[in-house]
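Notes for the one structure printed next.
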């Protein structure tokens with residue numbers, strides 16, 4: 001009688017014969033069997049994750065708003081926040097921000113003084129997080145968080161306008177441009193100056209009663225100008241001259257995509273040549289959805305994605321359908337160049353209590369596949385992630401997911417979608433244990449290595465398997481500031497790859513070129529990955545300047 005072990009051995013041999021004969025990659029076989037994995041990391045961090053930012057010490061700064069009352073996380077040592085301007089609680093002994101330690105799966109409370117509700121953020125070239133704006137007494141504040149062992153928020157006056165629902169973008173010269181905000185049709189820069197520059201485009205895209213131009217989608221183009229999308233329109237903008245370089249066609253169908261219609265947007269991975277750029281916008285809510293939802297009518301969300309090559313002289317939107325409609329989804333670039341679409345609902349819109357039918361299953365969008373084969377539905381989470389949920393890429397390739405509080409305050413019972421204080425991680429299929437023998441481990445560059453623009457970079461890595469490596473690429477991913485279905489400053493660059501030279505047992509070196517300018521990669525910290533046969537290494541932090 002044949003034993004189970006012998007039968008498994010025969011089956012394994014048969015699978016490998018299929019691989020050799022049919023040219024089917026191990027990754028493709030695994031994707032047929034596994035579609036990602038969810039793991040609960042924390043049952044209660046005490047604060048709903050409305051905003052998240054990964055820093056170069058593998059800590060994630062998480063914060064909510066301050067003017068709804070007590071959170072479920074106490075400030076340490078009897079410390080309390082005394083704020084006579086607070087709209088809910090003048091003396092508050094709970095935290096509304098925390099630092100999550102990814103490697104230790106621990107967290108500590110942080111003190112934020114003024115209201116950070118619906119604020120924006122960026123990480124400066126030196127690694128400091130700059131958080132701008134918010135509501136009430138926080139609308140014209142900026143806050144600084146330095147990544148160190150016991151650091152906390154510092155707060156400053158300085159913004160020239162109220163920045164509530166604004167967008168930040170890191171610029172090639174190291175400054176940050178802060179664009180828009182609710183009824184703030186202007187932009188300004190950090191470091192702050194006295195200049196406030198009118199931006200009529202935002203007024204023109206402001207729908208009465210619904211607005212739909214909050215948190216505009218902003219991407220730094222490869223020519224140094226900004227692609228800016230608000231409502232259903234897009235422009236290429238020269239911020240130095242305060243002039244519109246070109247106007248793109250209205251997105252097909254004409255429905256709004258920015259908040260509160262709450263689609264999401266990414267700049268697709270940039271190739272080494274750095275001459276072309278494409279933007280992808282997915283989901284959202286049809287025109288009028290916000291008004292209807294406030295009357296108790298929850299319109300089906302959009303299931304379309306629009307993709308446009310913004311560097312093309314005759315750029316046009318190419319439309320395709322997601323497997324399901326989605327509003328309030330988060331789009332996260334993965335190390336392999338694919339896009340994870342996670343969180344959200346299939347009807348309603350962004351706002352208090354105005355969405356229904358959570359979408360529990362993420363989708364992976366594969367931009368290099370042919371139309372019709374780009375979307376792959378993943379295994380579902382058990383946690384509805386509705387309004388005010390977030391997702392960020394971690395250095396190990398997982399995606400940290402948290403938040404969901406579609407209420408004015410924290411509500412844990414008597415509502416359809418209770419406030420969620422959990423943190424969980426989604427592990428794409430590429431993290432499966434079956435890929436251990438082909439998963440690369442980076443040897444060089446060491447963590448926190450400084451890089452220059454346009455330099456030859458020798459990347460050394462190990463692979464435990466004995467076969468020669470193939471299909472090797474190197475990517476660089478910027479950590480993003482995520483809130484309200486949009487990840488600001490999110491960027492992935494392909495650095496090349498190709499042939500690898502064996503330098504020791506199971507150790508190889510491939511040679512790539514770093515981005516040629518700060519237009520392609522603004523100065524700062526990035527996660528560098530080696531991808532082997534579609535399987536990414538754990539990233540290593542590098543700093544380009």
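In UniProt numbering, the protein residues as written are 1 to 545. From the three backbone atoms N, C-alpha and C, an ideal C-beta is built for every residue, glycine too. The structure displayed is predicted, hence computed values, not measured ones.
Express the C-alpha separation of residue 129 and residue 286 in angstroms, rounding to a whole number.
Straight-line Cα distance between these residues: approximately 34 angstroms.
Helix, strand or coil, according to DSSP, for residue 137 in the structure here?
Shown here, residue 137 sits in a helix according to DSSP, grouped into three states.
Might you give, ordered along the chain, the residues of its own chain that have their beta carbon closer than 7 angstroms to the beta carbon of residue 209, omitting 5 neighbours on each side?
291
Buried or exposed by the 16-neighbour rule on C-beta atoms within 10 Å, applied to residue 249:
exposed
Span of the alpha helix (DSSP H) holding residue 291?
Element bounds for residue 291: 289-293.
To the nearest angstrom, how far is the alpha carbon of residue 597 from that of residue 403?
Look at the range of the chain in this structure, 1 to 545, and you will see that residue 597 is not part of it.
Who are the Cβ neighbours of residue 49 in its own chain at under 6 angstroms, not counting the five residues just before and after it?
62, 390, 402, 403
Just the Cα atoms here: how many angstroms apart are residue 503 and residue 545?
29 angstroms
Where the beta strand (DSSP E) through residue 234 begins and ends
233-238
C-alpha distance - residue 148 paired with residue 66, whole-angstrom precision:
24 angstroms
Separation of residue 245 from residue 177, as counted between CA atoms
17 angstroms
What do you get for residue 530, buried or exposed, if any count of 16 or more other CB atoms within 10 angstroms of its CB means buried?
buried
Beta strand (DSSP E) runs wholly inside the region 242-306, at least 3 long, in chain order
Secondary structure remark: continuous beta strand (DSSP E) runs of at least 3 residues inside the region 242-306, in chain order: 243-247, 264-267, 278-282.
Starting from residue 109, trace the alpha helix (DSSP H) both ways and give me its first and last residue.
For residue 109, there is no enclosing alpha helix (DSSP H); the enclosing beta strand (DSSP E) covers residues 106-110.
Residue 521 to residue 451 span [Cα, whole Å]:
11 angstroms
Give the secondary structure of residue 204 by DSSP, where H, G and I count as helix, E and B as strand, and everything else as coil.
The three-state secondary structure of residue 204, taken from DSSP, is helix.
For residue 34, which residues in the same chain have their Cβ closer than 7 angstroms to its Cβ, ignoring the five residues on either side in sequence?
429, 432
Considering only the beta carbon of each residue, do residue 474 and residue 443 sit closer than 7 angstroms?
no
Pull up the distance between the alpha-carbon of residue 92 and that of residue 143, whole angstroms please.
19 angstroms
Could you check what DSSP says for residue 76 in three-state terms: helix, strand or coil?
helix
May I ask you to list the residues that DSSP assigns as paired with residue 502?
Residue pairing by DSSP places residue 502 opposite 508 in a beta bridge.
Per DSSP, which residues does residue 38 bridge with? Please list them.
426
Just to confirm, is the Cβ distance from residue 525 to residue 127 under 7 angstroms?
yes
Determine the DSSP secondary structure at residue 68, reduced to helix, strand or coil.
Note: residue 68 maps to coil in three-state DSSP.
Could you work out which residue in 348, 227, 207, 212 is closest to residue 170 when comparing CA atoms only?
227
Just verifying my parser: in three-state terms, what is the DSSP assignment at residue 541?
strand
Give the DSSP-derived three-state secondary structure of residue 434 in the structure shown.
In the three-state scheme derived from DSSP, where H, G and I count as helix and E and B as strand, residue 434 is classed as helix.
In terms of residues, what are the limits of the beta strand (DSSP E) holding residue 388?
Residue 388 -> no beta strand (DSSP E), and no H or E assigned at all.
Here's the rule I'm using: 16 or more other beta-carbon atoms within 10 Å means buried, otherwise exposed. How should residue 319 be labelled?
exposed
Using the rule of at least 16 other Cβ atoms within 10 Å of the residue's Cβ for burial, across every protein chain shown, is residue 378 buried or exposed?
buried
Just to confirm the assignment, what range does the beta strand (DSSP E) spanning residue 472 have?
For residue 472, the enclosing beta strand (DSSP E) covers residues 472-478.
If you draw a straight line from the C-alpha of residue 481 to the C-alpha of residue 499, how long is it?
Rounded to whole angstroms, the separation of the alpha carbons of residue 499 and residue 481 is 35 angstroms.
Tell me which residues share the same chain as residue 134 and place their Cβ nearer than 8 angstroms to its Cβ, disregarding the 5 neighbours each side in the sequence.
65, 114, 115, 116, 117, 118, 119, 141, 163, 164
Give every residue of the same chain whose Cβ lies closer than 7 angstroms to the Cβ of residue 507, excluding the five residues on either side of it in the sequence, and list them in chain order.
443, 460, 462
Let me check one thing: in DSSP terms, what residues is residue 187 bridge-paired to?
Paired residue(s): 179, 197.
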